[in-house]
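To start, the structure under review is shown below, and the notes come after it.
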Amino acid sequence: MPAPNDVNQLRAFLGLINFYGNFVKDLHNLRAPLDALTKKDAVYTWTSECQSSFDKIKAILNSDLLLTHYDPNLPIIVAADASNYGIGATLSHRHPNGSEKVVYHASRCLTPAQKNYSQIEKEALALIFAVQKFHRFVHGRHFTLKTDHKPLVAIFGNKKGIPVYSANRLQRWATMLLNYDFAIEYVNTKDFGQVDALSRLIASHSSTPEDYVIANVDIDVTAEFIENCRHLPVSTETIRTATKDDQLIKKVIDYTKSGKWPKIDRNSPFWHYYNRRDTLTTVEDCLLTASRVDKQG
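Residue numbers (this note's numbering): 1104 to 1400.
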C-alpha cells in the first residue's frame, strides 16, 4: 500500500483507520500528523512525520491482529468499491456481537480500458471482481453483498431480472451473479472506509484468473457493438469522429466516466442524458444507451 498522493487518498486511508479503530485501541493516537493535512486551507505536504505515522499505522493494518479465520458457520459479507483507478474488496464475518471482522483483502488497478467505464460499471466491476476473487468462500453459501452505489441495488437485487435498459456489461455481469446466493445491500460511503481505501491505495496491477473472466465480457461487448454498427447507415469511425467533435457529448462522456453529474435542469440540453445516466456507457469512444448508440446528440 503506497503513501497517499493527495488529500482524497489520505481521507480514504483515514476511513480505513476509522473502521479498524474499533479493534485496535491505540490506532487513532497515531494519526495526528495525517489529520492535520485534511484541515481546511491546509497545504498537502507529505513530511517525514507523516511518513512515520503512515508506516506505523500500515504495520498494524498488515498484522494478523486485524484479521480473523474463515468460519463457514458465521455470516459472510462481501464488500467492494471502485475509484477512478482501482477496485477494492473485503471478505468479512459478522460475529454474534454484531461486529464485522475481515478475513481477506483484495485490490487491483483498473486497466486503461476499464478506466473508461462509466462509474456505475466501475462499481459493478468491483462487485464482480470480489465475488470471483472470493469464489471458493462464497459459492454454494448465502452471503451479503455490500456496495456504496445505490443504483446497483435495484439492478443486481431485482428478483424479476435485470432491467432491459441496463448497460450491456451490467446485463452480462448480472448473469454471472445468478450463480451465487446473495442479498445486496447499500452502505453509505462514509461507512465504507475499509473498502474505499483499498480501491484508492493500491500498487501496480498484475493479472489474476478473475481478470480473464472480466476481460472476456469486454471482448463480447465490443464485438456486439461493432456488429450492431454494421446495421447503421454510418460507420463506427464516423460515430467516433462525430462524438469527438460534439462538445455536449464529450461532456456527457466525462460525467458518465466520473459519475459526478452536476445538478441538471429539465430545460438543459443535458437533461436527456442525465435522466438516463444509469444506462449510459462508452464503448470504442462512443456513447451508448444500454447497448445502443445514443443518437440524441
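Even glycine gets a Cβ: it sits at the ideal position worked out from N, Cα and C.
Where residue i falls: helix, strand or coil (DSSP)
| i | result |
| --- | --- |
| A1135 | helix |
| V1290 | coil |
| K1249 | strand |
| V1256 | helix |
| D1349 | coil |
| V1355 | helix |
| L1119 | helix |
| V1386 | strand |
| D1109 | coil |
| F1285 | strand |
| L1273 | helix |
| L1049 | This structure cannot settle anything about residue 1049, because the visible part of the chain is limited to 1104 through 1400. |
| P1341 | Looking at the sequence itself, residue 1341 is Thr, so the reference to Pro does not match. Helix. |
| T1392 | strand |
| L1170 | strand |
| L1140 | coil |
| F1157 | helix |
| W1149 | coil |
| H1375 | helix |
| R1244 | coil |
| D1368 | coil |
| D1381 | helix |
| K1363 | coil |
| M1104 | coil |
| I1322 | Only weak support exists for where I1322 lies, its pLDDT of 49 falling under 50; the coordinates are left without a value. |
Cβ-based burial, residue i [other Cβ within 10 Å; buried from 16]
| i | result |
| --- | --- |
| G1118 | buried |
| P1175 | exposed |
| W1276 | buried |
| Q1350 | exposed |
| D1184 | buried |
| K1225 | buried |
| T1384 | buried |
| A1286 | exposed |
| S1202 | exposed |
| S1195 | buried |
| N1271 | buried |
| L1390 | buried |
| V1110 | exposed |
| R1211 | buried |
| D1158 | exposed |
| P1365 | exposed |
| A1227 | buried |
| D1381 | buried |
| I1322 | At I1322, the pLDDT of 49 sits below 50, so the modelled position is not reliable; the number obtained from the coordinates is stated separately. By the 10 Å Cβ count, I1322 comes out exposed. |
| H1208 | buried |
| P1105 | exposed |
| G1362 | buried |
CB-CB length for residue i against residue j, believed under 8 Å
| i | j | result |
| --- | --- | --- |
| K1439 | V1181 | With the chain covering only 1104 through 1400, there is no way to say anything about residue 1439. |
| L1170 | H1198 | About 13 Å; that fails the 8 Å criterion. |
| T1392 | R1379 | 6 Å |
| D1284 | H1252 | Rounded, the Cβ-Cβ distance is 21 Å, inconsistent with contact. |
| V1468 | Y1289 | With the chain covering only 1104 through 1400, there is no way to say anything about residue 1468. |
Check: residue i C-beta below 7 Å from any heavy atom of the ligand NAD
| i | result |
| --- | --- |
| Q1274 | Ligands are entirely absent from the displayed structure, and the ligand NAD is therefore not among its contents. |
Continuous beta strand (DSSP E) assignments of at least 3 residues falling wholly in the segment 1173 to 1240: 1179 to 1185, 1189 to 1197, 1203 to 1212
The segment 1272 to 1288 in contact with the segment 1228 to 1238 per 3-pair CB rule at 8 Å: yes
Given 8 Å, three or more beta-carbon pairs between the segment 1137 to 1156 and the segment 1198 to 1217: no
The segment 1186 to 1196 touching the segment 1157 to 1166, judged by at least three CB pairs closer than 8 Å: no
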